[in-house]
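Under this note's numbering, the first residue of the sequence shown is numbered 3, with each subsequent residue one higher.
All C-beta atoms, glycine included, are put in the ideal place defined by N, C-alpha and C.
Bear in mind the structure is a predicted one, so any value in this text is a computation, not a measurement.
This report concerns only the one structure given below.
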Amino acid sequence: MKSIIKMSPYLFCLISFFSYSQDLTISSGSSLSVVSGTDFYVNGLNLNPSADLTLTGPVEFSKTATPVGESIDRVFNFSNTITNFQGDVTFFYNDSELITSSASEPTLVLRVKDGTTWSSDLTPTRDGTLNTLIYNFPASTNISSITASKPGITLSINKFNKLNVNLFPNPVISSFQISTELTIETLIYNNLGQIILKTNQKNIDVSQLSAGNYLIIVKDLNSNNFNSYQIIKL
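And the structure:
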């Protein structure tokens, strides 16, 4: 099955549940074509190709609030790399997503992963009022992930892998505890990707939170390594 997009100004695909949620799926055997000069918008990322673009399934598009290294708290991922993209990319963000990385709006740069390697800094057209970063790719580019960051940093995924960090209980009724000797900062995100709690405490009261799923980021303040957890609040 082949779908052709030919609409303006935006195609809105707003299927969102959690920060790891799947926002768009193109199943195996199907494809989606975006005609040159039209906008293809999915949950905070807009592609406007200057040459016809075909996405061939299986492809899953997702947005996560888990940063890559020192990126901001918004990363878009394609499960299969988009190949030969040319044209404009518009990256939308929220101010709250800049806090953890200490990024500043006037100096934000875009970073694109081609499947294996992150690009160097891409200087976009910035709009701090609309919270957008726009970048034109004049030549064919492969895109598997895209995020924003401060300039001049190396993006890599840092985790606690071999460090002694435990979070319990989960599911949570009123509070949970983080067991570690590290000096940490903990961030709690709701299902909209918004930070609702930031603390350095290791015994965290969540009794006022509504029942549901939450994303927890635990960061070692000495090494900037982090780990992520999904908790269920009963």
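Selected residue, minimal CA-CA separation from residue i, among the options
| i | options | result |
| --- | --- | --- |
| ASN133 | LYS65, LEU211, LYS152 and ASN96 | ASN96 |
| THR201 | THR27, LEU49 and PHE178 | PHE178 |
| ASP116 | LEU169, THR85, LEU184 and ASN166 | THR85 |
| THR56 | THR109, VAL167, SER32 and THR66 | SER32 |
| PRO69 | PRO51, SER52, GLN203 and THR102 | THR102 |
| ASN224 | LEU217, GLN210, GLU187 and PHE139 | GLU187 |
| ASN144 | LEU100, ASN82, THR127 and THR131 | ASN82 |
| THR40 | SER29, SER52 and SER30 | SER52 |
| PHE228 | GLY46, ALA67 and THR118 | ALA67 |
| SER121 | ASP75, PRO108, LEU157 and THR92 | LEU157 |
| LEU49 | SER38, ASP123 and THR58 | SER38 |
| VAL44 | ASP75, ASN79 and SER29 | ASN79 |
| ASN205 | ILE180, ILE28, LEU100 and TYR216 | ILE180 |
| THR119 | PHE170, VAL61, PHE94 and SER146 | SER146 |
| GLN210 | ASN193, LEU217 and SER176 | SER176 |
| THR185 | SER106, TYR191, VAL220 and ASN192 | VAL220 |
Residue i, enclosing beta strand (DSSP E) - first and last residue
| i | result |
| --- | --- |
| TYR43 | 42-44 |
| THR182 | No beta strand (DSSP E) contains THR182, which DSSP labels as neither H nor E. |
| GLY71 | That residue, GLY71, is in no beta strand (DSSP E); it is neither H nor E in DSSP. |
| VAL114 | 111-115 |
| LYS152 | Segment: none, LYS152 is in no beta strand (DSSP E) and carries neither H nor E. |
| SER212 | Segment: none, SER212 is in no beta strand (DSSP E) and carries neither H nor E. |
| ASP97 | From DSSP, ASP97 is part of no beta strand (DSSP E); its letter is neither H nor E. |
| THR127 | 127-129 |
| THR27 | 24-28 |
| LEU169 | 168-170 |
| ASN264 | Absent from the model: residue 264. The displayed extent of the chain is 3 to 236, so no value can be given. |
| VAL37 | No beta strand (DSSP E) holds VAL37; DSSP gives it neither H nor E. |
Cβ distance (whole Å) where residue i is taken to contact residue j below 8 Å
| i | j | result |
| --- | --- | --- |
| VAL208 | SER151 | No, VAL208 and SER151 are not in contact; Cβ-Cβ is about 30 Å, not under 8 Å. |
| ILE155 | GLY71 | 7 Å |
| VAL174 | ILE148 | Not really, about 33 Å apart at Cβ, beyond 8 Å. |
| ALA213 | LEU236 | 6 Å |
| ASN138 | ASP90 | 5 Å |
Residues that DSSP places opposite residue i in a beta bridge
| i | result |
| --- | --- |
| GLY89 | PRO51 and PHE139 |
| ILE206 | PHE178 |
| ALA198 | Position check: residue 198 holds Ile in this sequence, whereas Ala was assumed. Beta-bridge pairing links ILE198 to no other residue. |
| SER225 | For SER225, which the question treats as bridged, DSSP gives no partner whatsoever. |
| GLU62 | THR27 |
Interface flag, residue i vs chain B, CB-CB below 8 Å
| i | result |
| --- | --- |
| PHE178 | Although the question refers to chain B, the structure presented lacks it and comprises just one protein chain. |
Buried/exposed call for residue i, threshold 16 Cβ in 10 Å
| i | result |
| --- | --- |
| PHE20 | Residue placement at PHE20 is flagged as unreliable, the pLDDT there being 32, under the threshold of 50; the coordinate-derived value follows with that caveat. PHE20 comes out buried. |
| ASP25 | buried |
| SER142 | exposed |
| THR92 | buried |
| SER230 | buried |
| GLY46 | buried |
| SER73 | buried |
| ASP54 | exposed |
| ASP129 | exposed |
Any non-hydrogen atom of the ligand FAD closer than 7 Å to residue i Cβ
| i | result |
| --- | --- |
| ILE175 | Only the bare structure without any ligand can be found here, which leaves the ligand FAD out of the picture. |
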